[in-house]
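**Student:**
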Amino acid sequence: MEPFVRLLESGKIKCGHPTHAQAVALFKDKADDVQSTALIPIKVAGQNGLLAIGSRDTERFHPTMGVLFLSNLGELVAKRLASLQPV
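Per our numbering, numbering through the sequence shown is continuous, rising by one, with the last residue being 146.
#1: In terms of residue numbering, what span does the alpha helix (DSSP H) encompassing residue 81 cover?
#2: With burial defined as no fewer than 16 other Cβ atoms inside 10 Å of the residue's Cβ, what is the status of residue 80: buried or exposed?
#3: Could you check which residue in 130, 136 and 84 has the C-alpha nearest to that of residue 73?
#4: In terms of residue numbering, what span does the alpha helix (DSSP H) encompassing residue 75 cover?
#5: Would you say residue 141 and residue 103 are within 8 Å of each other, going by their C-beta atoms?
#6: Out of curiosity, what's the CA-to-CA distance linking residue 126 and residue 86?
#7: Within the same chain, show all residues whose beta-carbon is closer than 6 Å to that of residue 83, passing over the 5 residues directly before and after it, in chain order.
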């Protein structure tokens, strides 16, 4: 998770063009196709995680866009993952 340390520490959603290292870590052989991403930090059972959405469209996810929906999506995914944890 080295390419995402600062993002995970900040806990803030980041939208825009990913670094090459981020794209490779997340999308492997499709990394060159990904032109914009929404990176949503999540925390489940004390563990940091990342919900990543990629697009071929360079303008689909950009730094000036609102992130309310993405924030809600991240919370929903985190709650669902938490519900799957053993008790």
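Each residue gets a CB set at the ideal place from its N, CA and C atoms; glycine is no exception.
None of the values given here were measured: they were computed from a predicted structure.
**Tutor:** Considering the structure as presented:
#1: Here residue 81 refers to the residue found at position 22 when the sequence shown is read from its first residue. Segment 79 to 86, the alpha helix (DSSP H) holding residue 81.
#2: Numbered from 1 along the sequence shown, position 21 holds the residue referred to as residue 80. It counts as exposed.
#3: Indexing the sequence shown from 1 puts residue 73 at position 14. Here the closest residue by C-alpha is 130.
#4: The residue you call residue 75 lines up with position 16 of the sequence shown. Under the DSSP assignment, residue 75 falls outside any alpha helix (DSSP H), being part of the beta strand (DSSP E) whose first and last residues are 73 to 75.
#5: Taking the sequence shown and counting its residues from 1, the one referred to as residue 141 is at position 82. Taking the sequence shown and counting its residues from 1, the one referred to as residue 103 is at position 44. A contact, by the Cβ cut-off of 8 Å.
#6: Taking the sequence shown and counting its residues from 1, the one referred to as residue 126 is at position 67. Taking the sequence shown and counting its residues from 1, the one referred to as residue 86 is at position 27. Distance between the alpha carbons of residue 126 and residue 86: 22 Å.
#7: Here the question's residue 83 lines up with position 24 in the sequence shown. Closer than 6 Å at the Cβ level, and outside the excluded window around residue 83, lie 90.
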